[in-house]
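Colleague: Take a look at this one; I'll ask things after.
Numbering (my numbering), first residue to last: 60 to 522.
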């Protein structure tokens, strides 16, 4: 994994993006001669900028996500969509060059289309070769110390080796530990000697260790320290999951995991830049999307009686309550009989217009006003209703800690986990919310905003 601004990026994804960026730059440089003639001095810089823009589009469509790179069907659909966007951008540039040169330089549409689809096919072919051969040949071989519940959880989280670029070569149990995974062998707590660990490394051809026994008490760490000082990578359960999956496992988290760890520290400059970005972007988007909001209000009023805009109390930064604004997507008396509850799949309380608004996220556009007011940010954990927060805080450890940052319109949990309507879903989303609270940065915010495009185009679990 490559660590950038507190956030870990898959090495395979980074190499693939770099490879595609170089190929795109080379293709543009060799094939857009008209652009070369129109801007000779800055041609190479323009090629780089154009290629970087395409890589950002690929990122926004999730084409570097671990779960996409190994699914040929989904990857092909999204790649075709990306090539369509590439064609539109190329056509716009072609038109600009046409006007810049008074009609002297211009590509016929059919030539442009053929060239774009050729590069698309070539990039997809290179991507398939890389994912299926090179990436698979360089799986990281990891030895797990522990065969209990933590080890079992590791196996669940990293079920597909090709997806994550890792392979658990063996589980070494600790005697007196409740077994959750089949262990190659069990070692007594006071018998983790250097010679034994070195032999296990050779036997399994392991490169890294994840230290994940359910109970660490009584286990000698001297041999692990010796291996660490020799350059071997050794992780504990939490740090490994956090690095590889971008989440903090709440079920296996203790208080010291919060207190004695990096993260949760942010300076004035970070907060100031984020606030300026939120304010400027929210104002611009509010003006641009105002016609869409007005049309949506008219459609809501035509379909059902009652106010089209409504406000609802939510829990925000540091537990303070605020009024969240939304376009109404349910019947006016939706909670009259049932009381407050999460929206369910095929919920009969949602109107026909409401389903469209929810799937396209148009119902959340009024929250731009919340961002302008400072109640929310563009990126952060989704704010919940006080009645839900009160109940979840009693059942889920560290639930209130998600309020150490401003809530957001989109967030790390929203792009990594589908809509949730249960206690288990709330636990899963909290794992991602805590990761964001600990590791938030402008880089991570940009990543989330780009990935939100994917969630809007291909919504999962929207209700």
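From the three backbone atoms N, C-alpha and C, an ideal C-beta is built for every residue, glycine too. Source: prediction; values computed, not measured.
Just to confirm my understanding: we take residue 520, look at its own chain, exclude 5 residues before and 5 after, and list those with CB closer than 7 angstroms. What are they?
Modeller: Interpretation of residue 520 is limited by its pLDDT of 48, a score under 50 that renders its predicted location unreliable; the figure taken from the coordinates is listed afterwards. Excluding positions up to five away in sequence, the list reads 477, 478.
Colleague: Helix, strand or coil for residue 67 per DSSP?
Modeller: In this structure, residue 67 counts as strand in the three-state DSSP scheme.
Colleague: Going by alpha carbons, who is nearest to residue 255 out of 507, 269, 231?
Modeller: The shortest Cα separation from residue 255 among 507, 269, 231 belongs to 231.
Colleague: To the nearest angstrom, how far is the alpha carbon of residue 181 from that of residue 199?
Modeller: Rounded to the nearest angstrom, the two C-alpha atoms are 28 angstroms apart.
Colleague: Would residue 523 pass as a contact of residue 263 if the rule is Cβ separation under 8 angstroms?
Modeller: An answer regarding residue 523 cannot be provided, because it is not within the stretch 60 to 522 covered by the chain.
Colleague: For residue 367, which residues in the same chain have their Cβ closer than 7 angstroms to its Cβ, ignoring the five residues on either side in sequence?
Modeller: Cβ within range, chain order: 356, 359, 360, 386, 387.
Colleague: Quick check: what's the CA-CA separation for residue 80 versus residue 372?
Modeller: Whole-angstrom Cα-Cα distance: 46 angstroms.
Colleague: Verify whether the separation of the beta carbon atoms of residue 39 and residue 270 is less than 8 angstroms.
Modeller: What is shown of the chain runs 60 to 522, which leaves residue 39 out entirely.
Colleague: State the CB to CB distance for the pair residue 64 and residue 503, rounded to an integer number of angstroms; the pair is presumed to be in contact (CB under 8 angstroms).
Modeller: Indeed, because the Cβ distance is near 7 angstroms, the residues count as touching under 8 angstroms.
Colleague: Starting from residue 302, trace the alpha helix (DSSP H) both ways and give me its first and last residue.
Modeller: Counting along the chain, the alpha helix (DSSP H) containing residue 302 begins and ends at 296-304.
Colleague: Which of the three DSSP states is assigned to residue 509 in this structure?
Modeller: Reduced to three states, the DSSP call for residue 509 is helix.
Colleague: Would DSSP call residue 200 helix, strand or coil?
Modeller: The answer is strand: DSSP assigns residue 200 an E or B state.
Colleague: Could you give the first and the last residue of the continuous alpha helix (DSSP H) run that contains residue 449?
Modeller: That run of the alpha helix (DSSP H) goes 445-454.
Colleague: Do you know offhand how far residue 276's Cα is from residue 300's?
Modeller: Distance between the alpha carbons of residue 276 and residue 300 is about 21 angstroms.
Colleague: Count the other CB atoms, across all protein chains shown, that sit within 10 Å of the CB of residue 429; report buried if there are 16 or more and exposed otherwise.
Modeller: When all chains shown are included, residue 429 counts as buried.
Colleague: Are the region 410-418 and the region 441-452 touching, with three or more C-beta to C-beta distances below 8 angstroms?
Modeller: Counting Cβ pairs under 8 angstroms, fewer than three are found: no touch.
Colleague: Mark residue 217 as exposed unless 16 or more other C-beta atoms lie within 10 angstroms of its C-beta, in which case mark it buried.
Modeller: With 16 or more Cβ atoms within 10 Å of its Cβ, residue 217 is classed as buried.
Colleague: Can you tell which of 252, 464, 73 has the C-alpha that lies nearest to the C-alpha of residue 324?
Modeller: Of the candidates 252, 464, 73, the one whose C-alpha sits nearest the C-alpha of residue 324 is 464.
Colleague: The alpha helix (DSSP H) spanning residue 339 covers which residue range?
Modeller: Segment 327-362, the alpha helix (DSSP H) holding residue 339.
Colleague: Taking the alpha carbon of residue 427 as the reference point, which residue from 169, 320, 342 has its own alpha carbon closest?
Modeller: Here the closest residue by C-alpha is 342.
Colleague: Exposed or buried, which one is residue 119 when buried takes at least 16 other CB atoms within 10 Å?
Modeller: Answer is buried; the Cβ neighbour count reaches 16.
Colleague: Where does residue 421 land, buried or exposed, given buried means 16+ other C-beta within 10 angstroms?
Modeller: Classification for residue 421: buried.
Colleague: At which residues does the alpha helix (DSSP H) containing residue 386 begin and terminate?
Modeller: Note, residue 386: premise wrong, no alpha helix (DSSP H); beta strand (DSSP E) at 380-386.
Colleague: Reducing DSSP to helix, strand and coil, say where residue 520 ends up.
Modeller: Note that residue 520 scores a pLDDT of 48, beneath 50, so its modelled location is shaky; the value from the coordinates is reported in the next line. Residue 520 falls in the coil class under three-state DSSP.
Colleague: Please report the straight-line C-alpha distance between residue 522 and residue 410, rounded to a whole angstrom.
Modeller: Interpretation of residue 522 is limited by its pLDDT of 48, a score under 50 that renders its predicted location unreliable; no figure is taken from the coordinates.
Colleague: Whole angstroms are fine: how far does the CA of residue 252 sit from the CA of residue 281?
Modeller: The alpha-carbon atoms of residue 281 and residue 252 are separated by roughly 8 angstroms.
Colleague: Report the three-state DSSP secondary structure of residue 116 (helix, strand or coil).
Modeller: Helix at residue 116.
Colleague: Rounded to whole angstroms, what is the Cα-Cα separation between residue 370 and residue 483?
Modeller: Cα to Cα, the separation comes out at about 27 angstroms.
Colleague: Would you kindly work out how many angstroms separate the C-alpha atoms of residue 62 and residue 328, rounded to a whole number?
Modeller: C-alpha separation (whole angstroms): 21 angstroms.
Colleague: On the three-state DSSP scale, how would you describe residue 269?
Modeller: Reduced to three states, the DSSP call for residue 269 is strand.
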